[in-house]
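According to my numbering, the stretch in the sequence shown is residues 136 to 217, in order.
Yeah, the Cβ is synthetic: ideal placement off N, Cα and C, and Gly gets one too.
For reference, the structure discussed in these notes is given below.
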Amino acid sequence: MNFAIYANGRYGIINEMYVPPEFRSSGFGEKLIETVKEYAKSRGWVRIDVTARPGEKWRRTVGFYKREGFTFTGPKLRFLFE
């Protein structure tokens, strides 16, 4: 995970998250994202960006992040804290 110094450290970027096939659809990815969100809130971040490409190959990945509250903004998905 990166720390965005140029934005006063107010958001984080997940460049890549990989869950091995044997752990997919088991809640493992959701737990990872939940942990990242908790960490981010404790640091006062206002958003988390995730790199995910559009297209058929990435449909499942993009769908996962959307279910976790992220919004597709191009090659990244973004989660805004309210």
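Three-state secondary structure (DSSP) at residue i?
| i | result |
| --- | --- |
| T170 | helix |
| Y146 | strand |
| R213 | strand |
Are residue i and residue j touching if we call contact CB-CB under 7 Å?
| i | j | result |
| --- | --- | --- |
| L212 | Y200 | yes |
| A187 | V171 | no |
| R182 | Y146 | yes |
| R168 | E217 | One detail in the question is off: residue 168 reads as Ile in this sequence, not Arg. No, the Cβ-Cβ distance between I168 and E217 is not below 7 Å. |
Short of 8 Å in beta carbon distance, which residues of its chain neighbour residue i, apart from the five on each side in sequence? Order them along the chain.
| i | result |
| --- | --- |
| E151 | T186 |
With a threshold of 6 Å on Cβ separation, who are the neighbours of residue i within its own chain once the five nearest residues in sequence on each side are excluded?
| i | result |
| --- | --- |
| D184 | I148, K211 and R213 |
Query raised in the report: Do the region 191–208 and the region 174–181 meet, that is, are 3 or more Cβ pairs less than 8 Å apart?
Result: no
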